[in-house]
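Each residue of the sequence shown is one higher than the last, beginning at 9 in my numbering.
Glycine included, C-beta positions come from ideal geometry on N, C-alpha and C.
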Amino acid sequence: MKYSFLAFAFLLLFSCKNPDEEYHKPESAIDAGREFIQQTLKGKFNAANKYMLQDEDNQFWLAKWSKEFKKSSEQDKTGYSNASITIYEVTDVVPDSVTIVSFTNSYRKRPQKIKVVKANGEWKVDFKYTFSGNF
């Protein structure tokens, strides 16, 4: 009985994990870019942060983007959240370490680019370059 309770408590503890906050290690630059874009479109900036290269500039831009998103109308938030992503070009600037992902979303329909880099063996979005244009 004691073991049944412990097993149940263990199962309950780990089943309460928020799936929106889960991180799935990207296998490629496209995976990292897609996950980051999807999370930001849904307004899940804590989850998006896990796919981003961690530096002061990137944190600044993600926080700014988050504040702007929160100011958006409910219609815009719903539109972004329901949007699909179309990746129309992938450019390996430096093979296996720097990739530019060009995409649009079905709500905004405006071409955008993000830079994805391999850092410490993991693909991460270098978000600051989205705003500087220095790809």
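For D100, the enclosing beta strand (DSSP E) begins and ends at I93 to V102. Relative to K85, the option among K52, P34 and Q67 whose CA is nearest is K52.
The beta carbon of V98 sits closer than 8 Å to those of A37, I38, T107, I108, V109 and S110, all from its chain and outside the five residues before and after it, given in chain order. Using a Cβ distance threshold of 8 Å, K121 and Y59 do not count as a contacting pair. Exclusion of the five residues before and after S114 leaves A91 and S92 as the residues of its chain whose Cβ lies within less than 6 Å of its Cβ. Taking 8 Å as the upper bound for CB-CB distance, K126 and D104 are in contact here, some 7 Å apart. When secondary structure is reduced to three states using DSSP, S80 falls in the coil class, being assigned neither helix nor strand. Taking the Cα of T94 as reference, the smallest distance to any Cα among K123, K79 and P119 is reached at P119.
For the set A55, T48 and E64, the Cα lying nearest the Cα of E76 is the one of T48. Using a 10 angstroms sphere on the CB of D63, the tally of other CB atoms stays under 16, which defines it as exposed.
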